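J.:
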Amino acid sequence: MSQSQDLPVTPSDIDAAAKVIAPYAVRTPLLSPAVLSERLGAKVFIKPELLQRTGSFKFRGAFNKLSSIPIAARGNGVVAFSSGNHAQGVAAAAQILGMHATIVMPSDAPLSKRERTKGYGAEVVLYDRDREDREAIARDIAGKRGATVVPPYDDPMVIAGQGTVGREIAEDMAALGVTPDIVVAPASGGGLIAGIATAVKARFPNTAVIVAEPKDYDDHARSLRAGRREAHNAKGRTICDALMADMPGQITFAINSKLLAQGISASDEEVGQAMAFAFRELKLVVEPGGAVGLAALLNGRIDVRGKNVVIVLSGGNVDADLYARLIS
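Using this note's numbering, you'd call the opening residue of the sequence shown number 3 and step up by one each time.
Printed below as a string of structure tokens:
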């Protein structure tokens, strides 16, 4: 039995999620750009989730979760809280399934993410990130309407959906006859990396799965070192607006504490440089939160020379003006 069988999300949960989302989600390709392999002295593969429906991996977990809601309960709708990518994932999934979605978003969330969320038919409720509690607002709305709350990461159905990213990586690497030595993906609350680790390590138990975070927002790295959930103590903001959770989730950390090898981080400046590299050399539009793993590797946070490395670029939803500033 693999070490992941006794955890809150199992490889079979991810297999089930893959069947649920298959008719609606994009199976994103595994790319291997020579320019990146040459730069890092490794065989590098990229999983571009910016090509996913809604522009990020979040659609996978949202659709899997919403599909699990009993038909009789769907009429009351769903409520989610998110700075943007989870918002769009839930809104799009709700639209497909004919459900009403209400999304609690910070008033400083990128305008493009707010507008796209509305574009999928969702109702957007804004809150003040510094003074209000988004979860409390969401639960209040859900309580009044009898709606289902869809957490951004700390939910087994959400994690299983995100784990389909790792399942596809494992399948595609196996088809190439290549064993991944290292898989790197970003984390906010840790749902994506937990799902990826569960799926990848089921097939490749010796692969090192590494979490990437913005500098100072390194709550996963701190928690892995401490052996318990710890908050970061970052002040102010990071351009990686999608990766600002204070602390790993309870369910996600139960998985990540057992399956992850370590955490690495990159500064906002390094993230901007990585986005510019992806634009110039890879022809990919990556948002800041989606580029943090690439940034960490480009800046030598771990030695990957001679290894087979997979980097997950988790999303591409970035305001045009910020993007133009960063890549220039």
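The beta-carbon is built from N, C-alpha and C at its ideal position, and this holds for glycine as well. Bear in mind that the values here come from a model prediction, so they are computed numbers and not experimental data.
Apart from the five residues on each side of it in sequence, which residues of its chain come closer than 6 Å, Cβ to Cβ, to residue 276?
T.: Contacts found: 293, 296, 297, 300.
J.: In angstroms, rounded to a whole number, what distance separates the CA positions of residue 249 and residue 238?
T.: The straight-line gap from Cα to Cα measures roughly 16 Å.
J.: Checking 7 Å against the spacing of the C-beta atoms, do residue 119 and residue 126 come in under that value?
T.: Yes, they are a contact pair.
J.: Could you tell me which residues DSSP puts in a beta bridge with residue 265?
T.: In DSSP, residue 265 forms a bridge with 213.
J.: In three-state terms, what does DSSP make of residue 107?
T.: Three-state result, residue 107: strand.
J.: Bridge partners of residue 58, per DSSP?
T.: According to DSSP, residue 58 bridges with 317.
J.: Quick one: residues in its chain with C-beta nearer than 7 Å to the C-beta of residue 101, no 5 flanking neighbours on either side, listed in chain order?
T.: Once the five neighbours on either side are set aside, the close Cβ partners of residue 101 are 68, 76, 79, 80.
J.: Distance, Cα to Cα, residue 287 vs residue 16?
T.: For residue 287 and residue 16, the distance between alpha carbons rounds to 28 Å.
J.: Going by beta-carbon coordinates alone, are residue 23 and residue 83 separated by less than 7 Å?
T.: Not in contact: residue 23 and residue 83 (Cβ atoms no closer than 7 Å).
J.: Taking all protein chains shown into account, decide if residue 132 is buried (16 or more other Cβ within 10 angstroms of its Cβ) or exposed.
T.: With fewer than 16 other Cβ atoms within 10 Å, it is exposed.
J.: Given that a residue counts as buried once 16 or more other Cβ atoms are within 10 Å of its Cβ, and exposed if not, what is residue 136?
T.: Buried is the call here.
J.: Might you give, ordered along the chain, the residues of its own chain that have their beta carbon closer than 8 Å to the beta carbon of residue 44, omitting 5 neighbours on each side?
T.: 306, 307, 308, 309, 310, 311, listed in sequence order.
J.: Does the stretch 83 to 94 come within contact of the stretch 104 to 124, defined as at least 3 CB pairs closer than 8 Å?
T.: Yes: at least three Cβ pairs fall under 8 Å.
J.: Alpha helix (DSSP H) containing residue 40: first to last residue?
T.: Here the alpha helix (DSSP H) through residue 40 covers 36 to 42.
J.: For residue 235, which three-state DSSP category applies?
T.: Three-state DSSP puts residue 235 in coil, outside helix and strand.
J.: How should residue 326 be labelled, buried or exposed, when 16 other C-beta atoms within 10 angstroms of its C-beta is the threshold for buried?
T.: It counts as exposed.
J.: What is the DSSP secondary structure of residue 208, reduced to helix, strand or coil?
T.: It is coil, neither helix nor strand.
J.: In angstroms with no decimal places, state the Cα-to-Cα distance between residue 3 and residue 254.
T.: Confidence at residue 3 is low in this model, with a pLDDT of 37, below 50, so its placement is unreliable and no value can be given for it.
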